[in-house]
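Student: Residue numbers (our numbering): 14 to 143.
I'd like to ask you about the structure that follows.
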Amino acid sequence: MSEPARSTQQILDQMRVTMGEVPPAIEKAAGADARMVAEQARSSAFAMPPEDGALDPEIRTLIYLAVALATSNRACTIAMVNKARTQAIAAPKLLEAVHIARFALATQVVGNAEPVFDLVNERAAAPDPR
């Protein structure tokens with residue numbers, strides 16, 4: 014059985030409790046299209062179930078933060094920093110999430126450079142035509 018629908022104000026109030034503040038884009042969406050806020054809340058509950066999730070809330074925040082950083086999503090980065098603040102996540106854990114995000118992007122560059130490595134290796138194996 015599904016839960017009763019929450020009002021936009023209830024959703025925003027819950028965000029203030031769990032995240033310290035409502036992200037500005039969500040605040041603006043509430044005035045422009047309340048359905049967008051409801052969908053965002055529904056999607057959040059799907060991705061990070063409030064009960065019986067496999068990951069603890071701190072790990073979820075750290076994963077979300079790393080993904081936000083790696084995808085250059087400033088709004089989500091700020092939202093997760095605010096959430097990390099309310100969860101009192103330790104600085105070394107936050108920095109490790111940053112390091113993981115940086116490494117993921119560095120690894121992407123190496124992976125994307127595979128054709129360049131192929132060309133360099135081809136030229137190294139072939140005699141110099143000059």
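Ideal placement from N, C-alpha and C gives every residue a C-beta, glycine not left out.
For a quick check, are the C-beta atoms of residue 145 and residue 114 less than 8 Å apart?
Tutor: Because the chain in this structure spans residues 14 to 143, residue 145 falls outside the shown range and cannot be described.
Student: For residue 33, which three-state DSSP category applies?
Tutor: Residue 33 falls in the coil class under three-state DSSP.
Student: Residue 124 lies in the alpha helix (DSSP H); which residues open and close that run?
Tutor: It spans 104 to 125 - the alpha helix (DSSP H) in which residue 124 sits, taken as one unbroken run.
Student: Just to confirm, is the Cβ distance from residue 84 to residue 102 under 8 Å?
Tutor: No; because the gap between Cβ atoms is not below 8 Å, this pair is not in contact.
Student: Using 10 angstroms around the beta-carbon of residue 120, count the other beta-carbons present and answer buried if the total reaches 16, otherwise exposed.
Tutor: The residue is exposed, with fewer than 16 neighbouring Cβ atoms inside 10 Å.
Student: What is the residue span of the alpha helix (DSSP H) that residue 64 lies within?
Tutor: First-last for residue 64: undefined, no H or E at that position.
Student: For the alpha helix (DSSP H) holding residue 74, just list the boundary residues, first then last.
Tutor: 70 to 83 is the span of the alpha helix (DSSP H), which, as asked, contains residue 74.
Student: Just tell me which of 130, 37 and 27 has its CA closest to the CA of residue 91.
Tutor: Closest option to residue 91, Cα to Cα, is 37.
Student: Hey, residue 39 and residue 30 are a contact pair by Cβ (cut 8 Å); roughly how many whole angstroms apart?
Tutor: 14 Å between Cβ atoms; not a contact.
Student: Are there 16 or more other CB atoms within 10 angstroms of the CB of residue 108, so buried, or fewer, so exposed?
Tutor: By the 10 Å Cβ count, residue 108 comes out exposed.
Student: Cβ of residue 110 within 8 Å of Cβ of residue 88?
Tutor: Result no, Cβ atoms of residue 110 and residue 88 do not sit closer than 8 Å.
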